[in-house]
Amino acid sequence: MSGLAEILLRHGVPVSGSELGDRPAPAKLAELGAAIHRRHSPGNLWNADTVVRSTAIPAGHVELIAAGDRGLPVLCRSEALAAVLAGRRTIAVAGTHGKTTTTAMVTVALRAGGADPSYVIDGDVRTLGSGALGSGEHFVVEADESDRSFFAYAPEVAVVRR
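Just so you know, we're using numbering that gives the first Met the number 0 here: the sequence shown kicks off at 0 and counts up by one.
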């Protein structure tokens, strides 16, 4: 989720989120201007016009209930990312193990070849971060197959790891 949030923030889209733990990704997003809430509360949605959720978040989550009560659109991460991918030459990396590493390697290879790809990586890669919107035509994305959400994408190239 942080890679998508990073791209949105870098392009002026306000982002907020809830994270109970003290992890590096929310701290980095806060540095980029995200409002990070340290507890779950309906009040966290006071300024939201759309909610993007991970499929790991249960339907009975207090913030999802509040979003429904307010009539806010609720998108899964894959739906929001698919909207960002629209019109781009997408390279999707899926599989059981090695998705983050392979997504980073494809991104670095494209950059070494002179391309300026966009990318969303589910982990934070030291030399890349977790997401960026480049000026090139390619978009490299780590695609989660565990919940079949990767079917929301229409990749030109699919890299499938075992």
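From the three backbone atoms N, C-alpha and C, an ideal C-beta is built for every residue, glycine too.
Is the distance from the Cβ of residue i to the Cβ of residue j below 8 angstroms?
i    : j    : result
S148 : T54  : yes
A162 : L28  : Because the chain here runs from 0 to 161, residue 162 falls outside it and cannot be looked at.
G94  : P116 : no
V158 : V92  : yes
R22  : L44  : no
R24  : S40  : Note that residue 24 is Ala in the sequence shown, not Arg. Their beta carbons are not under 8 angstroms apart, which means A24 does not touch S40 by this criterion.
I90  : V105 : yes
F138 : R88  : yes
Helix, strand or coil: how does DSSP classify residue i here?
i    : result
G2   : helix
R160 : strand
Quick check on residue i: buried or exposed, where buried means 16 or more other Cβ atoms within 10 Å of its Cβ?
i    : result
R52  : buried
I6   : buried
G67  : exposed
P13  : exposed
G16  : buried
E62  : buried
A108 : exposed
I120 : buried
L19  : exposed
L8   : buried
Please list the segments of the alpha helix (DSSP H) lying wholly inside the stretch 21 to 91, counting only runs of 4 or more residues, in order along the chain. Correct list: 23 to 30, 61 to 69 and 76 to 84.
Which whole runs of the beta strand (DSSP E) in the stretch 91 to 145 are 3 residues long or more, in chain order? Qualifying beta strand (DSSP E) stretches, in chain order: 117 to 124, 128 to 131 and 137 to 141.
Are at least three pairs of beta-carbons, each pair with one atom in the stretch 142 to 158 and one in the stretch 79 to 87, less than 8 angstroms apart? Contact between the stretch 142 to 158 and the stretch 79 to 87 is present, because at least three Cβ pairs lie under 8 angstroms.
Specify whether the stretch 99 to 112 and the stretch 53 to 72 touch according to this definition: at least 3 beta carbon pairs, one from each stretch, less than 8 angstroms apart. The answer is no - the stretch 53 to 72 does not touch the stretch 99 to 112, with fewer than three Cβ pairs under 8 angstroms.
Using a Cβ distance threshold of 8 angstroms, determine whether the stretch 65 to 84 contacts the stretch 130 to 145, with at least three qualifying pairs required. Three or more beta-carbon pairs drawn from the stretch 65 to 84 and the stretch 130 to 145 are found closer than 8 angstroms, and the two stretches are therefore classed as touching.
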